[in-house]
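Using this note's numbering, read the sequence shown as starting at 5 and increasing by one per residue. Idealized CB from N, CA, C, for every residue including glycine. This report refers to the structure that appears directly beneath it.
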Amino acid sequence: MDADINFYFDPVCPFAWMTSKWVRQVQAQRDYTVDWRFISLRLVNSGVDYDAQFAPEYEAGHTAGLRLLRVAARARAEHGRAAMAGLYAAFGAHIFDTAPDPAGQDTEGEVRERRGTRAFAEPILADAGLPVELAEALEDESWDPEIRRETDEALALTGKDVGTPIIHFEPPAGVAFFGPVISRLPSEESAGELWDHVVGLARFPGFAELKRSLREQPQLAALGGDAETVGAQEDWHGGSRRQKK
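Right, here's the structure in full:
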């Protein structure tokens, strides 16, 4: 598939989901085509000691992400690449844009682990208009080599010391980069401007990295916020900052 943007995602990464929502804004405004591809955080960290490097719930979450990518790989094989846009949208809506049950007693690790089950995957497939039988792929490791190949493809574009998402604009010769990591959606008016800034920076041949570690958590319903209605949200336009009512 020839696309304007190759977007590599892991369905359990909140920053990838937020960035994907912004890319969909830009896609609608610029009439871009997007190929939604796979990168597995569980495979990226396959050689990592999770107990030493991550909080306790991360291994369960990353493993669930790999299981959901197996479902996505089977869906793509049987229903075509065009099915990925709706399936990823359904993943994100269930995982991140749904507020947690206030009466729920599950630990964070149990919540993340449940994302890798048929009970979780089947309603998502139904919402995406796909057969629920695709959930049988959750435990089918025969899809892992394909997911690993795509993960390696993504990391070959940026180097290995990155996370998700990875974006390749105007492949095969265009620029690729990790992120951008954003914690909230820009306004519709600012979405294209932000895209132009990011791509312009990435196109400079000597550019390597721009980073700051101070950040808010993603403004997503599942994390106690909402990317579109959170109060006192700031937006930017034309290089200035303004308070959003």
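For the region 130-180, the full-length beta strand (DSSP E) segments reaching 3 residues or more read 170-173 along the chain. Contact check for residue 227 and residue 18: beta-carbon distance about 7 Å, within the 8 Å limit, so the pair qualifies.
DSSP places residue 54 in the helix class (H, G or I) of the three-state scheme. Following the DSSP letters along the chain, one finds residue 38 in no alpha helix (DSSP H) but inside the beta strand (DSSP E) bounded by residues 38-42.
Look at residue 99 here: in three-state DSSP terms it is helix. Spanning the alpha carbons of residue 32 and residue 56 requires a straight line of approximately 42 Å. Residue 127 is not a Cβ neighbour of residue 115, given a cutoff of 9 Å. Close CB contacts of residue 222 within its chain, under the 7 Å cut and outside five residues either way in sequence, are with 18, 19, 22 and 187 (chain order).
Within the same chain, and ignoring the five residues on either side of residue 162 in sequence, the residues whose Cβ sits closer than 8 Å to its Cβ are 170, 180, 181 and 182.
Excluding the 5 residues flanking it on each side, residue 65 has same chain C-beta neighbours closer than 6 Å at 16 and 116, in chain order. When the beta-carbon positions are compared, residue 192 and residue 29 come within less than 9 Å of each other.
Residue 160 is not a Cβ neighbour of residue 75, given a cutoff of 9 Å.
133 is the residue among 25, 219, 118 and 133 whose C-alpha sits nearest the C-alpha of residue 84.
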